[in-house]
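Here the structure comes first, spelled out in C-alpha cells, and everything after it is commentary.
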Amino acid sequence: MGLVSKIVLPVDFSDRCVGAARHAALLAERYDAEILMIHVVEPIRYEFTSLEFGGAALTELAANRTALARQRLEGFLVEELPVRRLRRLLREGDAAQTIVETAREEGADLLTMPTHGYGRFRRFILGSVTAKVLHDAHCPVWTGVHWEEPPAAGSLAVRTVLCAVDLGPQSTQPLKWAAELARDFQARLVLAHAYPCIELRPGECGDRDLNAELGESARARLEKLCQECNVRAELVVECGDAPGVVCRIARDCKADVMVIGRGSAAGIFGRLRTNAYAIIRESPCPVVSV
Numbered sequence: 000m001g002l003v004s005k006i007v008l009p010v011d012f013s014d015r016c017v018g019a020a021r022h023a024a025l026l027a028e029r030y031d032a033e034i035l036m037i038h039v040v041e042p043i044r045y046e047f048t049s050l051e052f053g054g055a056a057l058t059e060l061a062a063n064r065t066a067l068a069r070q071r072l073e074g075f076l077v078e079e080l081p082v083r084r085l086r087r088l089l090r091e092g093d094a095a096q097t098i099v100e101t102a103r104e105e106g107a108d109l110l111t112m113p114t115h116g117y118g119r120f121r122r123f124i125l126g127s128v129t130a131k132v133l134h135d136a137h138c139p140v141w142t143g144v145h146w147e148e149p150p151a152a153g154s155l156a157v158r159t160v161l162c163a164v165d166l167g168p169q170s171t172q173p174l175k176w177a178a179e180l181a182r183d184f185q186a187r188l189v190l191a192h193a194y195p196c197i198e199l200r201p202g203e204c205g206d207r208d209l210n211a212e213l214g215e216s217a218r219a220r221l222e223k224l225c226q227e228c229n230v231r232a233e234l235v236v237e238c239g240d241a242p243g244v245v246c247r248i249a250r251d252c253k254a255d256v257m258v259i260g261r262g263s264a265a266g267i268f269g270r271l272r273t274n275a276y277a278i279i280r281e282s283p284c285p286v287v288s289v
C-alpha cells in the first residue's frame, strides 16, 4: 500500500480550490489514489429563518440550495481532475466538522485544503474551516500556498521535499512521511530544525559560543533521528524564529512541499495555533501537517 490511497478534496466552488485540486491530481496520478471531492451545504443562517418565512418556504429554499450545490458540484473542476478514480459527494452540516468526519469515515490518507486570504492581508489569514480541519483531522492535511493565481497544471512537480521538525517525541512521524514522499517521487530530502538564539552580553559566558553549541547539539540529534528512521537527508540547522527560519530554508532549497508535525503540546513549534499556523501562512510552498 502506498503513502496515499484516498484523498479528500473539500471545495467551496471558489478559484482557490484550483491549486488544491491540481496537487490532489498530481498525488492521485502517482499513487493511483481515489479523490473524494466533497462540498458541504451549511444550514440556513438565522437571519433567513425569521417569522416572515413560513415552514414551507424554508423547506423550498433549503431544497433549492441543495439542488444548485449538487449541480455545481457535478460540473466543478472537470478539466482539472482527469483522474481515473473520482467521486463527488454532497453533505449537509457544519463545514469543518463534516469534512473531518467524512475523512475519518472514508479512511482517507490525506486532506487537501486551500488556504484563505484577501488583498494585502491575505498572508495573515488562515480560513476558519481550514484551521478547524487542521486541528481536528485524523490524517495529514495538505494546505496550499496563498497564490494570486493557481499554478499551471504542467508546472507541478515534487523535486525537493523539506521536513521541518522540532526534535520533540513526535518528530519521527513527519520525517517518515516526508521520506516516503521523497522516495516515491525520487526527490531530494532536506531535514531542517530551527532553535532559538541566546543573546548574551560580551564575556558573559567566557569564550563559549552557546548558540554554536546548541546548533551542534541539534545537528547531532537530527543525525540520530535519521538513523532511527533509517532515512538519509540533507541537514540544515539554523538559529532564529522558527517560522521565519523554516520558510527561508524552504525558499533557499526551492522546496516543492514542506512537511511539519502538528498537535504537539511542546517544543520549538509549540501548539499548531502558534508556529505551525505561521509556517502555513508564510510558506512559499504547500505544507503537509502530519
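Counting in numbering that gives the first Met the number 0, the sequence shown runs from 0 upward without gaps.
Heads up, the beta-carbon is just placed ideally off N, CA and C, and yes, glycines get one too.
Check                                                                                                                                                          : Outcome
Can you tell which of W141, E198 and A156 has the C-alpha that lies nearest to the C-alpha of P304?                                                            : Nothing in the structure corresponds to residue 304, since the chain is present only between 0 and 289.
Using the beta-carbon count (16 or more within 10 Å), is G18 buried or exposed?                                                                                : buried
Using the DSSP secondary-structure output, state which residues sit across from E91 in a beta bridge.                                                          : V40
Helix, strand or coil: which one does DSSP assign to I197?                                                                                                     : coil
Span of the alpha helix (DSSP H) holding E79?                                                                                                                  : Element bounds for E79: n/a, residue is neither H nor E.
Where does C138 sit, in a helix, a strand or coil, going by DSSP?                                                                                              : coil
Could you pull the start and end residues of the beta strand (DSSP E) that S288 belongs to?                                                                    : V286 to S288
Flag this pair as touching only if the segment 187 to 194 and the segment 223 to 243 have three or more C-beta atom pairs under 8 angstroms; answer yes or no. : yes
What does the Cβ neighbour count give for G106, buried or exposed, with the cut at 16 atoms within 10 Å?                                                       : exposed
Please name the residue or residues paired with D5 in a DSSP beta bridge.                                                                                      : Note that residue 5 is Lys in the sequence shown here, rather than Asp. Paired residue(s): E33.
Consult DSSP for L155 and reduce its assignment to one of helix, strand or coil.                                                                               : coil
Counting C-beta neighbours from all protein chains within 10 Å, is the total for P168 16 or more, i.e. buried, or is it exposed?                               : exposed
V244 by DSSP, collapsed to three states: which one?                                                                                                            : helix
Taking the beta strand (DSSP E) that L110 belongs to, which residues open and close that run?                                                                  : L109 to M112
Measuring alpha carbon to alpha carbon, tell me which of Y30, E59 and V286 ends up nearest R83.                                                                : Y30
Output the distance between the C-alpha atoms of V189 and V144, rounded to the nearest integer angstrom.                                                       : 19 angstroms
Does the distance from the C-beta atom of T111 to that of I6 stay below 8 angstroms?                                                                           : yes
Going by DSSP, what residues sit across from R86 in a beta bridge?                                                                                             : L35
For the alpha helix (DSSP H) that L166 lies in, which residues bound it at each end?                                                                           : L166 -> no alpha helix (DSSP H), and no H or E assigned at all.
Can you find at least 3 beta carbon pairs, one from the segment 177 to 187 and one from the segment 155 to 163, that sit closer than 8 angstroms?              : yes
For L188, which beta-bridge partners are listed by DSSP?                                                                                                       : V160
Would you identify the three-state DSSP class for C225, choosing helix, strand or coil?                                                                        : helix
According to DSSP, what are the bridge partners of V236?                                                                                                       : H192
Could you name the residues that DSSP lists as bridge partners for V361?                                                                                       : Any property of residue 361 remains undetermined from this structure, which presents the chain solely from 0 to 289.
By the DSSP assignment, the alpha helix (DSSP H) with R15 in it spans what residues?                                                                           : Where R15 is concerned, there is no enclosing alpha helix (DSSP H), given that its DSSP letter is neither H nor E.
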